[in-house]
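Numbering (the working numbering), first residue to last: 5 to 332.
Positions of the beta carbon are idealized from the N, C-alpha and C atoms, including for glycine.
This one's a predicted model, so the numbers in the text were calculated from it and none came from an experiment.
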């Protein structure tokens, strides 16, 4: 087992990483407590059954798989159902699944009865190394991605790398985009290992190292006012691409891969990034023009005083944040 402790302004929470941790949930869940298990309708049923076994007093709520479920409609449906079932403030939500599940369930937890506890049990590579840690929770609107949200850290994060055995190759590559991002902005050694080694041979190591990097940024700038924006490398244009295609064409990591390539100012860095992205079957370009993305980029949450914070990598392993007017 590997463990991390995240220091948040509102709480300190642990991230536990262990193969087959889903078989030992009785160590972390109280069978006498009431839990709300929120997941999508494509998660392997065996994962749901393992969680339900550890917390028999549960309410299971499923939603349709995909980014489109991070919506006001699903948020409203889930909260209304919880109210109908008399879920009280001392109950705990369990977010079981990928990044969409964590974002949606976490946002519900942040506002339901003005805030109840939630536990993240991420089952995709992307959610295990990124979205389950840091406290950002949100839903989308027709105006953009993650524009309705809050900072609300979980009570606990439980990561079982064995759940990645059931991931499709595309979903695994989806998570690799965020891991590559960590190497680009903060750790050249990690980037080189991703480039030259088989990540799956030592997956728990790569998950842990990715989370160490995320922990460092989050603890120094929890509320995304400066340094933490480095984690948004590729996300300005990546989110715009997702929104432009109405979340139909690309998974999140795929769009971020394109966004990272788009924003790089140095051709030699771009070439090296493209090489690694292609190793993991990630896209590196799209037919959409920057002018097509303008309205979505202009709604970016990182805009300050009409200026857009752009994250660039001038040397692999570090990054810079520059301000741009982004006028087309």
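One or two residues paired with residue i in a DSSP bridge
i           : result
residue 101 : 126
residue 11  : 16
residue 313 : 327
residue 298 : None, per the DSSP bridge assignment.
residue 319 : 322
Presumed contact (8 Å Cβ cut-off) between residue i and residue j, rounded CB distance
i           : j           : result
residue 71  : residue 246 : 7 Å
residue 286 : residue 183 : Contact doesn't hold; Cβ gap of about 11 Å is too wide.
residue 25  : residue 16  : Incorrect: roughly 20 Å between the Cβ atoms, too far for contact.
residue 108 : residue 42  : 7 Å
residue 123 : residue 160 : 5 Å
residue 189 : residue 237 : 5 Å
residue 350 : residue 207 : Beyond the ends of the chain as shown, which are 5 and 332, falls residue 350; an answer cannot be given.
Spatial neighbours of residue i in its chain, beta-carbon cut-off 7 Å, leaving aside the 5 residues before and after
i           : result
residue 268 : 274, 277, 316 and 317
residue 131 : 102, 103 and 106
residue 227 : 155
residue 239 : 260 and 263
residue 14  : 157
residue 270 : 318
residue 2   : Residue 2 lies beyond the residue range present for the chain, which begins at 5 and ends at 332; the question has no answer from this structure.
residue 149 : 243, 246 and 247
residue 324 : 316 and 318
residue 291 : none
Close Cβ partners of residue i (< 8 Å) along its chain, the five nearest in sequence each way excluded
i           : result
residue 218 : 133, 134, 137, 138, 186 and 235
residue 297 : 241, 244, 245 and 248
residue 338 : Outside the shown range of the chain, which is 5 to 332, sits residue 338, and nothing can be said about it.
Close beta carbons around residue i, own chain, < 6 Å, minus the five adjacent residues each side
i           : result
residue 284 : 177 and 180
residue 223 : 11
residue 255 : 178
Review point. Just checking, does the region 153 to 171 make contact with the region 125 to 140 on the three C-beta pairs under 8 Å criterion?
Key: A contact is defined here as three or more CB-CB pairs under 8 Å, and the region 153 to 171 meets this definition with respect to the region 125 to 140.
Check your understanding: What are the start and end residues of each continuous alpha helix (DSSP H) run of 4 or more residues lying completely inside the region 165 to 245, in chain order?
Key -> Listed in chain order, the complete alpha helix (DSSP H) runs (minimum 4 residues) inside the region 165 to 245 are 173 to 190, 192 to 200 and 207 to 224.
Review point. Where are the alpha helix (DSSP H) runs, 4 residues long or more, that stay fully inside the region 48 to 116, in chain order?
Key: Inside the region 48 to 116, DSSP marks whole alpha helix (DSSP H) runs of 4 or more residues at positions 49 to 58, 76 to 88 and 103 to 115, from first to last along the chain.
Point to revise | Cβ contact (3+ pairs, closer than 8 Å) linking the region 87 to 97 and the region 107 to 126 | key: Yes, the region 87 to 97 touches the region 107 to 126.
Check your understanding: Is it a yes or a no for the region 18 to 36 touching the region 50 to 65, going by three-plus beta-carbon pairs under 8 Å?
Key -> Segments in contact, yes.
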